[in-house]
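Structure first, commentary second.
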Amino acid sequence: MTAIAIFGFATITMAQNVRAWGTYYTGTGQVWPNGEERGNSCITDAAGNVYMVGFTSSNSDIATAGAHQTVFAGGPGGNDAFLVKFNSSGVRQWATYYGGSEYDMGISCAVDASGNVYMIGQTASTSGIATTGAHETTVNDGFLVKFNSSGVRQWGTYFEGNGNACTTDASGNVYIVGLTNSTSGIATAGAHQTVMSGSGDAFLVKFNSSGVKQWGTYFGGASTALGASGMETGLSCATDALGNVYMVGQTPSTSGIATTGAHQTIYGGSFCDAFLVKFNSSGVMQWGTYYGGAGIDIGYSCAVDASGNVFLAGDTQQEFVPASSGMTTIGAHQSAYGGGYSDGFLVKFDSNGLRQWGTYYGGSLLDVSFSCATDASGNVYMSGNTQSSAGIATSGAHQTTVNDAFLVSFNSSGVRQSGTYYGGIKNVCTSDASGNVYMTGYTKSNSGIATAGAHQTAKGNNGYSDAFLVKFSGISLGINETINDKLFSIYPNPTQSIVNVKADTKLIGAVYNIYDNTGKVVLSGKINTENTSVDLEKLAAGIYLFSIGENVKQTFKVIKE
């Protein structure tokens with residue numbers, strides 16, 4: 059026999075992400091007057107350590123003693139890449155320069171299940187990059203390097219093209235996406251696309267854990283809505299538990315992108331659309347879709363959750379064109395374009411490319427979403443830049459007044475959990491196994507970045523930017539019992555499977571979520587009428603929280619026996 063016992067109504071509030079620590083990261087002894095540091099990417103490992111990559115023009119205080127490269131090699135006017143490891147408490151473990159005598163930049167990083175860390179970047183240096191026997195040993199646009207968890211280099215290689223992002227799979231393979239105008243050195247025999255289509259194409263390349271290239275493909279179309287040759291750019295990639303790999307980016311091409319039956323098979327218009335494409339581990343395309351309307355749409359980031367759903371975050375510019383109706387879903391957090399030059403957007407697809415939900419994110423001015431990440435509970439985090447003073451931060455957030463950056467979290471159903479401003483530019487986020495979220499970027503702010511006792515508490519480059527890294531604690535549930543029997547009621551009690559919710563008309567259209575005792579959403583839906591039936595049959599016995607609404611959630615406890 060299954061029974062539901064009602065313990066009264068409650069008001070539930072999602073606890074805001076609380077800053078655990080934050081630090082600047084810069085050096086001293088700038089080698090040129092406009093020198094600076096920038097954090098371009100961050101990633102966590104299974105032990106809770108966090109890595110940050112970027113570039114520096116400082117000749118001291120970047121690398122640690124005994125590191126792979128302790129001396130700045132960039133020379134006057136040059137930069138070196140850097141890679142730094144912090145533990146979960148923000149204590150630096152090791153750090154290294156990476157580069158030769160020319161310009162070198164760390165762009166993206168990834169870790170594998172064994173704790174090795176990979177960095178990709180761009181380089182013009184002829185030495186200090188590739189190891190003997192590498193895939194490519196002569197200078198080219200990009201580089202890929204592997205370090206173990208102690209910072210010892212395992213191998214390094216040049217590669218064709220400008221790499222924008224990298225990721226790993228469960229088998230220790232590493233994938234790179236980016237932009238290339240090279241007609242050779244990218245695609246392998248039998249690849250999805252062996253020949254470059256336009257003046258430049260996106261690319262996706264797979265290496266094994268030893269740095270041996272497994273396969274590579276171009277990705278792009280030849281014709282555009284503007285009549286010129288297309289130039290696609292791959293901007294982010296992510297893998298799922300089955301070894302499939304996703305790539306997102308931007309395209310001006312009217313063909314060669316979407317597959318039959320995709321979410322959006324027709325190019326939306328203007329200068330570019332976002333795209334999302336899925337390949338299996340052998341490089342065979344599974345499906346691809348455009349995502350965009352009449353404005354300029356760019357897919358900057360993607361992330362995959364434990365259930366195989368894929369999220370796409372990006373930027374849509376609709377200030378001078380009719381508002382696009384296809385960017386959001388009914389009941390979305392923000393269904394209308396906020397105004398101004400651009401809004402961010404976030405959309406969720408299942409593993410077959412079926413859209414689950416989509417939302418704008420932004421206010422009346424410029425808003426851009428650069429990055430997204432998921433956690434083990436199915437929540438998704440998004441970070442970016444904003445000029446808007448409304449529509450970004452939630453009540454009680456870490457910072458509620460407008461600043462350069464933002465960080466927002468949504469549950470798996472697309473309901474916003476928390477949002478905050480934060481000082482910084484071009485921010486990238488990642489999460490760890492405990493639901494903490496990290497963000498890196500660069501900043502000119504002298505305050506509001508570092509916490510007391512941090513690795514570096516004061517800004518170092520006067521007038522120019524410092525890299526930064528900040529950690530926020532994960533989402534939790536705070537519950538304050540308050541009886542409110544006027545908004546809705548639930549019956550029968552007991553029940554074996556179906557529970558009926560009788561709701562006030564004010565709640566029609568509201569999203570409901572059922573949470574387990576860890577705060578994970580186990581069931582979601584929408585209140586469509588004054589009487590809505592919810593099937594609880596598949597839930598295990600235990601105590602659950604049934605919440606309705608978005609900002610102030612009306613919630614009651616239920617027990618399934």
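In terms of my numbering, the sequence shown opens at residue 59 and continues consecutively. We put the CB at the ideal spot given by N, CA and C, even for glycine. On a predicted model such as this, the values are computed, not experimentally measured, just so you know.
Where residue i falls, given that 16 or more other Cβ within 10 Å makes a residue buried
i: Pro-380; result: exposed
i: Leu-262; result: buried
i: Val-426; result: buried
i: Thr-241; result: exposed
i: Gly-87; result: exposed
i: Pro-134; result: exposed
i: Val-129; result: exposed
i: Val-466; result: buried
i: Asn-220; result: buried
i: Asn-266; result: exposed
i: Gly-157; result: buried
Same chain, Cβ closer than 6 Å to residue i, five either side skipped, listed in chain order
i: Val-203; result: Met-177, Gly-214
i: Phe-369; result: Ala-361, Lys-406, Cys-430, Val-438
i: Gly-583; result: Tyr-570
i: Asn-239; result: Gly-258
i: Thr-323; result: Ala-316
i: Asp-543; result: Summary for Asp-543: the model assigns pLDDT 46, below 50, so the residue's position carries little reliability, and this model does not support an answer.
i: Glu-595; result: Ser-555
i: Ser-470; result: Gly-436, Val-579
i: Gly-274; result: Ile-244, Ala-245, Thr-246, Val-263
i: Val-335; result: Met-305, Gly-346
Residue span of the beta strand (DSSP E) that contains residue i, given as start and end
i: Gln-475; result: 474 to 480
i: Ile-450; result: Taken as a continuous stretch (DSSP letters only), Ile-450 belongs to no beta strand (DSSP E), as it is neither H nor E.
i: Asn-437; result: Element bounds for Asn-437: n/a, residue is neither H nor E.
i: Gln-344; result: 343 to 349
i: Gly-416; result: 413 to 419
i: Cys-295; result: 291 to 297
i: Tyr-176; result: 175 to 181
i: Asp-162; result: 162 to 169
i: Leu-370; result: 368 to 375
i: Thr-590; result: 589 to 593
i: Leu-404; result: 401 to 407
i: Gln-392; result: Looking at the DSSP string, Gln-392 is not in any beta strand (DSSP E), and its letter there is neither H nor E.
Distance, residue j Cα to residue i Cα
i: Gly-173; j: Ser-207; result: 5 Å
i: Ser-422; j: Thr-374; result: 13 Å
i: Gln-127; j: Ala-371; result: 35 Å
i: Tyr-570; j: Phe-217; result: 49 Å
i: Gln-359; j: Leu-597; result: The residue asked about is misnamed: residue 359 is Ser in this sequence, not Gln. For Ser-359 and Leu-597, the distance between alpha carbons rounds to 33 Å.
i: Val-169; j: Ala-249; result: 26 Å
i: Asp-593; j: Phe-337; result: 36 Å
i: Thr-488; j: Asp-227; result: 16 Å
i: Asp-355; j: Thr-282; result: 15 Å
i: Asn-494; j: Ala-171; result: 19 Å
i: His-321; j: Ala-516; result: 48 Å
i: Ala-478; j: Gly-389; result: Correcting the residue identity first, residue 478 is Thr in this sequence and not Ala. Cα to Cα, Thr-478 sits roughly 22 Å from Gly-389.
i: Asp-138; j: Arg-77; result: 30 Å
i: Ala-391; j: Asp-298; result: Correcting the residue identity first, residue 391 is His in this sequence and not Ala. Near 26 Å, if we compare the C-alpha coordinates of Asp-298 and His-391.
i: Asp-462; j: Ala-599; result: 46 Å
i: Thr-459; j: Ala-223; result: 31 Å
i: Leu-300; j: Val-270; result: 21 Å
i: Ala-192; j: Ser-268; result: 9 Å
Reference residue i; option with closest CA among the options
i: Gly-518; options: Ala-510, Ser-505, Lys-529, Gly-511; result: Ser-505
i: Cys-100; options: Ala-491, Ala-525, Val-486, Ala-512; result: Val-486
i: Ser-146; options: Lys-271, Gly-436, Tyr-109, Ser-118; result: Tyr-109
i: Tyr-500; options: Gly-274, Cys-295, Ser-523, Ala-364; result: Ser-523
i: Leu-581; options: Ala-561, Lys-560, Ile-606; result: Ile-606
i: Asn-117; options: Thr-154, Lys-336, Gly-97, Thr-102; result: Thr-154
i: Thr-587; options: Ser-471, Phe-140, Ala-561, Gly-398; result: Ala-561
i: Cys-167; options: Thr-291, Arg-413, Val-232; result: Val-232
i: Glu-160; options: Ala-280, Gly-209, Val-197; result: Val-197
i: Ala-525; options: Gly-97, Met-305, Gly-186, Thr-590; result: Gly-97
i: Ser-453; options: Thr-347, Lys-271, Ser-476; result: Ser-476
i: Trp-152; options: Leu-237, Gly-124, Asn-410; result: Gly-124
i: Ser-340; options: Asp-331, Ser-547, Gly-420, Asn-302; result: Asn-302
i: Thr-252; options: Met-289, Tyr-276, Ser-268, Glu-95; result: Tyr-276
i: Asp-408; options: Lys-502, Thr-347, Ile-450, Ser-383; result: Thr-347
i: Thr-563; options: Thr-590, Gly-384, Tyr-573; result: Thr-590
i: Gly-326; options: Leu-141, Ser-313, Asn-367, Gln-212; result: Ser-313
Cut-off 7 Å between Cβ atoms - residues of its own chain near residue i, not counting five sequence neighbours on either side
i: Gly-148; result: Trp-79, Thr-81, Ala-512, His-513, Lys-529
i: Tyr-395; result: Gln-376, Ala-381, Asp-401, Tyr-418
i: Ser-328; result: Ala-352, Gly-353, Ile-354, Val-379
Chain-order list of residues whose beta-carbon lies under 8 Å from that of residue i (same chain, five-residue window excluded)
i: Gln-180; result: Tyr-161, Asp-162, Met-163, Ile-165, Asp-199, Gly-200, Phe-201, Asn-220, Gly-221
i: Val-210; result: His-126
i: Ser-183; result: Ala-131, Gly-157, Gly-158, Ser-159, Glu-160, Tyr-161, Asp-162, Val-197
i: Leu-412; result: His-321
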